[in-house]
Structures are given as C-alpha cells and as structure tokens.
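Here is the structure we will look at, set down as structure tokens.
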Amino acid sequence: MTPTDDLLSLCRAWLHNGEAPVARIQDWAALRGLAAPHRLHPLIYRQLAVQAEEVPAIELAWWAQKARMITLDNLKRTAELVRVVLLMRERGLEPVPVKGPCLSLELYRDVSFREFSDLDLLIPQDQALPALACLHEAGYVIDDGTDHPPEAQQWPAYLTGQRGEIPLVNRDNLIQVDLHWRMLSLIAGGDDDWSLRLSPEPLQLAGHAIPRLATDYLLVYLALHGFKHGWNRLAWLVDLAMLLVRAPDWDLAALRGSFLGDTQNMLIFLSCLCLVESLLGVPLNPGLQEDALCRELMPKARELAQAVGQGIYESRGREPGQASLLKYQLMACPNLGAKAQCLMRLANAVGFEEVRTLGLPKGLRLLYYPYRWCRLIAKPLR
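In our numbering, the protein residues as written are 185 to 566.
Structure follows, in structure tokens:
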C-alpha cells in the first residue's frame, strides 16, 4: 500500500465507523508528510485514537500534539469570527460565514475538526464597501501583497477591479479574512441567487445564531470548488462525503433548476460524486438513475473521476499542474465547441497578480493579453 492508500483507508474507516489496516502502515513519516498538504491531521488523529492499540506510541503522541495545536488555532480563529460577525451586525450588515469553523461545526459537530488558515465571509455585493469599512475598523487591511494597501479613498476604485473577493489581514493577530460577494457563480457561471444561498435554520455558534448556506448550494459549491483545484486537498473531498452522509436526500431537481442547469457543470458534479464513491466509499444517490441526463452523463463522469483520482495518487500531496487541470476541464466539456471556448477562456483569463507584477499603466493594460499568449506558448518549451 502507498501512503495515499493509507491516508484514504483511514478516511474511509472514520466515515463509516470502521477500522483501517493500521498495522500494515509501513512508512509513518510519509503518512505525516501527506496529511499536511491534504489538511487531514484532525481526522487521522481521531481514527488512530480509536485504534490506539495498533499504533506505535510515539506516532500517536505526535498526532495528538498536532491535533491539539490545530484545536487551539481553530478556537482562536473562531473567537475572531464571532467578534467580526457581531461588529458587522452592529453596522446593519449580515455576513454569512462559509467554510472554516462553521463548516466544521455543521459537518463534524466540532470546530476543531477541519484545518483552516483563514475566515471566509459572504455578503451581498452592494454591502461590499461598508463591509470593507467595518473590517478596517476591526483592524484589517487589504492584503494586496504590498506594503502600502489601498487607502479608504481608493476602495471604490479597488472594488471595481475585483472579481468577487477581497483578501484582508489583521496586522495585530495576523488572521486572514476573505470577503466574498460571488462564490458559486465564479466557478459555475451565471448569477448567484441570494435567496437560494441560505438555509432557513441558522447555525448556533458561541451562543449566537449564525446564518449558513443552504445544503443544495453548499453541496454544489464544495463539488465544483474541489474540482476547480483538482481536489489537491483530500480534506475537501471528505467534506463533500460528510455532507452527502449528513444530507442523503438532497434535491436533484432543484439543483437542475438552479445551479446545475448547464450540462458541463452537471457532468463535473456527477464526476465529484463518483470520486467520493470510488475513493471514500459513499454510494451514489439512487435517484440519479431515475434522471435521463444523469444516466447519459454517468459514463463520462466516471471516466473523469477516474482521471482525477489517478491524478491524486500521482501528485503525492503536491498541487496539480496547469496541464492536469486543463486536462480535467477539457474532459468535462461536452463537445468540441465547448473545448474551444474553454481554451479561449484560459488563454484570455486575466491574471490579476501578473498584471500587478508587470506594473503596466492603466491605459496600457491591454498589452497583458499578447504577453499572456506568449507566456502560455513558452511554458511547455521550458
């Protein structure tokens, strides 16, 4: 068994309340090294603790210490999240925390279970500027990679250049916050419908009712977000698997009518479900076989899931390269026309970090596009 096999067997055992072949783990150092990029320390420790008699004492102690450090870090960020949300509420704003401690609490009933390095807040687009002002009051500055972030008078112009997200950092406690007003639409296309995002049942966090994403929205977002990044973190796949376990009766018809009306997005979504089934043993929803489009797309979805799964094994914890991500995107295209559009989007996509690095004056930024074409052509020749 490879270290990836060991990691997946521990994940499956935890998801299904079973036991992993811990006694057959030969390379504990490789397992530790693989758990880090996949953000799986808390889960692995909990499963090893269940089978403690089979685990070398020194290894169990290492995993326990790592889990304690993550717990303390998560509690610090959770307290900061509550502080920021309450401050924004005082200003008449209603942010929706996504991922981070809220997703950990929703899926695992424990804020210490997921590893996260920042906090994500979702707001309506028309609240972006007052939300930015509120966060600035709370000690945050825009994290634009420079020593001189935009000042308050520059914020309106700065916002017009953003695609739906602002990264911020608190210079006192170094906690990062990402402010979002578009999430799923950045991945799936179209427009987000705010009324479809929120669950009627808020989440209870530290004695406060916190709004949370609707299950259907969260399901599609976790799937398409993970696919976009080639599932380079298995923790994301475990999140998706856990949501499927928690909410097995999700509404396919509702998804088809809202977030998954596009055939390509439907194929990607199905491939993610197939990947969860093959790697983590969570069975497909039987209702998929009753849908004609799902039956038609399922062979391609399984083929795509197999390619992504193979990429996870081959990457050994490293982020997939652009070639792999492009391969997955092209496999998800239903026809040649869609493949051509995909290639054009890739070639003409604006890389904001690259534009900033080039330092082109605003009037000359169209020169970025021929530069990008040259860069893409030269990349495979290196």
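Ideal Cβ placement from N, Cα and C applies to all residues, glycine included.
Going by alpha carbons, who is nearest to Glu349 out of Glu335, Leu313, Leu514 and Gln337?
-> Leu313
My understanding is that Tyr229 touches Ala251, with C-beta atoms under 8 Å, so please give their C-beta distance in whole angstroms.
-> 4 Å
Mind checking which residues open and close the beta strand (DSSP E) that includes His409?
-> No beta strand (DSSP E) holds His409; the alpha helix (DSSP H) holding it covers Thr399 to Lys412.
Euclidean distance between Cα positions of Ala245 and Ser288 | 24 Å
To the nearest angstrom, how far is it from the Cα of Cys456 to the Cα of Leu444?
-> 13 Å
Can you round the beta-carbon distance between Gly493 and Leu463 to whole angstroms, since I take them to be within the 8 Å contact cut?
-> 6 Å
Name the DSSP bridge partner or partners of Tyr324?
-> Asn354
Does any CB atom of chain D fall closer than 9 Å to the CB of Asp302?
-> Of the protein chains in this structure there is only one, and it is not chain D.
Are the beta-carbon atoms of Arg381 and Leu397 separated by less than 9 Å?
-> yes
Classify Lys260 as buried or exposed, calling it buried when 16 or more other Cβ atoms lie within 10 Å of its own Cβ.
-> exposed
Beta bridge counterpart(s) of Gln388 as assigned by DSSP | Ala393
Assign Asp257 to one of three DSSP states: helix, strand, or coil.
-> helix
Using the C-alpha atoms, what's the distance from Pro281 back to Pro308?
-> 13 Å
Could you tell me whether the stretch 227-242 touches the stretch 190-197, where touching means 3 or more Cβ pairs closer than 8 Å?
-> yes
Would DSSP call Asp304 helix, strand or coil?
-> strand
Which value, in whole angstroms, describes the spacing of the CA atoms of Met450 and Gln513?
-> 13 Å
Fully enclosed by the stretch 238-295, which alpha helix (DSSP H) runs are 4 residues long or longer?
-> 241-274 and 284-292
Buried versus exposed call for Pro432 [16 or more other C-beta atoms within 10 Å across all chains shown] = exposed
Give me the Cα-Cα distance between Gly276 and Leu319, rounded to the nearest whole angstrom.
-> 13 Å
Would a C-beta distance cut-off of 9 Å place Arg366 and Gly323 closer than the cut-off?
-> no
Alpha carbon to alpha carbon, how far is Leu363 from Pro187? Give it in angstroms, no decimals.
-> 36 Å
Under the rule that 16 or more other beta-carbon atoms within 10 Å means buried, what is Asn519, buried or exposed?
-> exposed
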